[in-house]
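2 protein chains.
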Amino acid sequence: MEFAYDIYENRCPTRLVLDRLADKWALLILDRLQSGPVRFNQLKRDIKGISQKVLSQTLKKLERDGLLVREVFPTVPVTVEYSLSELGTTLNESVSALAHWAEHNMDAVLAAQSEYDNRAP
Amino acid sequence: MEFAYDIYENRCPTRLVLDRLADKWALLILDRLQSGPVRFNQLKRDIKGISQKVLSQTLKKLERDGLLVREVFPTVPVTVEYSLSELGTTLNESVSALAHWAEHNMDAVLAAQSEYDNRAP
DNA sequence: CTCATATGGTTTCTTTTAGATACTTACTTA
DNA sequence: TAAGTAAGTATCTAAAAGAAACCATATGAG
């Protein structure tokens with residue numbers, strides 16, 4: 003059978019998930035975790051510009067969706083490691099592709115932008 | 003040489019582009035345009051729940067970034083067609099993958115969510 | 001002639017979200 | 001004693017998203 007879900011439908015639950023994935027910070031977090039578990043403050047240092055609040059919120063949502071796993075180690079001070087779940091790793095390729103497309107095509111985008119801006123106002 | 007751009011850097015211009023791509027509506031628009039040119043109101047009808055304002059804004063931004071092309075035909079009333087640019091088509095696979103991952107994995111996500119919600123509060 | 005429809009938008013207003021900053025608890029090291 | 005690290009909350013403000021109405025122009029229905 004076909005999928006019961008349709009991303010083009012307004013009230014389809016997939017819309018909620020797309021909204022989660024289609025987020026700059028979520029993509030950067032998922033991309034960063036591809037090479038293995040990373041701790042909270044390491045993520046904060048690596049993903050430059052993210053605030054603690056947004057990092058915390060985004061991690062919680064991604065954990066709730068089963069895309070990543072949060073593990074607490076009773077060290078002093080406590081250590082919290084985040085890693086991709088099995089489900090999360092199925093996104094690896096698409097996430098990388100999207101997150102790094104910009105790096106590969108930035109020059110073309112910048113050219114398009116200035117061409118656009120120089121057209122008649 | 004390596005890329006001059008790094009998506010993990012705060013002030014890197016790629017962040018602006020990632021922010022554009024990492025948008026629910028932008029992804030749905032790019033996905034919808036993969037099969038050929040589509041007119042404004044057709045997009046509005048197909049992508050259920052999008053408002054005219056957001057559709058208009060998102061199309062404008064994607065056009066400015068050179069990802070899609072806007073073509074006006076002097077019919078009555080005027081016809082405006084949007085289609086993927088060459089640059090835009092290079093995103094096809096990643097966009098499809100991300101936009102439709104939710105349809106394929108929705109059940110797993112819903113299960114993860116209720117499991118999460120049933121844990122200790 | 002008037003009403004309803006279609007086109008592709010813009011304007012306005014309200015609600016939601018994001019971002020910046022400061023604070024918290026607990027322990028270690030200089 | 002003060003500063004640093006860890007993993008977060010809480011609070012406040014600025015920006016963005018969403019809903020709804022409006023606009024110009026034109027055609028077809030009644």
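Protein sequence lines, in the order shown, are assigned to chains A and B. For my numbering, add 2 to where a residue sits in the first sequence, where the first one is 1. For my numbering, add 2 to where a residue sits in the second sequence, where the first one is 1. The beta-carbon is built from N, C-alpha and C at its ideal position, and this holds for glycine as well.
Self-check item: Between the CA atoms of E105 (chain A) and R72 (chain A) - distance to the nearest angstrom
Solution: The straight-line gap from Cα to Cα measures roughly 29 Å.
Quiz prompt | Opposing strand residues paired with L86 (chain B) [DSSP bridges] | solution = B:L70
Quiz prompt | Burial state of T77 (chain A) (16 or more Cβ within 10 Å) | solution = exposed
Practice problem: For L112 (chain A), go through chain B and note every residue whose CB falls closer than 7 Å to its CB, in chain order. | Solution: P15
Quiz item: Which bits of chain A does Y7 (chain B) rub up against, with CB to CB less than 8 Å?
Solution: A104, E105 and M108
Quiz item: Since R66 (chain A) meets chain B, which of its residues come closer than 8 Å, beta carbon to beta carbon?
Solution: A114, Q115, Y118 and D119
Exercise. Verify the CB distance criterion: does S37 (chain A) have a CB-CB separation below 8 Å to chain B?
Key: no
Self-check item: D21 (chain A) (DSSP reduced to helix, strand or coil)
Solution: helix
Quiz item: How about A99 (chain B) and E65 (chain A): do their beta carbons lie closer than 8 Å?
Solution: no
Practice problem: Show which residues of chain A have a CB atom less than 7 Å away from the CB atom of I31 (chain B). | Solution: Those do not exist, as I31 (chain B) stays about 11 Å from chain A at its closest Cβ, beyond 7 Å.
Quiz prompt | Segment contact flag, the segment 49 to 66 of chain A with the segment 45 to 56 of chain B, C-beta cutoff 8 Å, min 3 pairs | solution = no
Quiz item: Can a CB atom of chain B be found closer than 8 Å to the CB of N12 (chain A)?
Solution: yes
Quiz item: Does the distance from the C-beta atom of L45 (chain A) to that of L70 (chain A) stay below 8 Å?
Solution: no
Exercise. Express the C-alpha separation of T81 (chain B) and N43 (chain A) in angstroms, rounding to a whole number.
Key: 52 Å
Exercise. Put T60 (chain A) into one of helix, strand or coil per three-state DSSP.
Key: helix
Exercise. Please confirm if L61 (chain B) has its CB atom under 8 Å from at least one CB of chain A.
Key: no
Exercise. Give the straight-line distance between the Cα atoms of L29 (chain A) and A24 (chain B), rounded to the nearest whole angstrom.
Key: 8 Å
Practice problem: Please confirm if G51 (chain B) has its CB atom under 8 Å from at least one CB of chain A. | Solution: yes
Quiz item: I31 (chain B) and L20 (chain B): beta carbons closer than 8 Å?
Solution: no
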